[in-house]
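Numbering (the numbering used here), first residue to last: 291 to 448.
Each residue gets a CB set at the ideal place from its N, CA and C atoms; glycine is no exception.
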Ligand SMILES: [Zn+2]
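Here is the structure:
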């Protein structure tokens, strides 16, 4: 792999090990010419997918971003990391096998909500409440209010 600092074509792998969740390999590399060190990651990617957001903005689908938003939704819930990883891998597989190189962000959002709904109702509500393009906002509000009515008991009247 080419050195990002001096563009020399020969860099050496100094260390290679799986990341904690065992879904990728992390390699420490060193340039044979300038001696600079950098890290690369090897991950499974079935195909390159672009997520199309509102306003026609596009960005490459990245598992890391999916991990971040799901981790946020599941924070402090009693859900094993294994189940969370399985959910993320399942969504990634769905995204990469839709047969389309472009996936609307709304569709990705639905995949995440479907997965979280089966995993944990609180995580589902957290994700859905920050998800702006939620397509059934009204149903969601009714659902959310029925679940949170205990916490909201003091706010019934203005
Ligand atoms: Zn170099």
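Touching by the beta-carbon criterion (3+ pairs, under 8 Å), the segment 366-378 and the segment 403-421: yes
Nearest to residue 361 (by Cα), restricted to the options 402, 303, 294, 304: 402
Three CB pairs or more closer than 8 Å across the segment 377-396 and the segment 315-331: Under the Cβ criterion (8 Å, minimum of three pairs), the segment 377-396 does not count as touching the segment 315-331.
Residues sharing a beta bridge with residue 384, DSSP: Paired residues: none, contrary to the question.
DSSP three-state assignment for residue 292, whether helix, strand or coil: coil
Any non-hydrogen atom of ligand 1 within 7 Å of residue 328 CB: no
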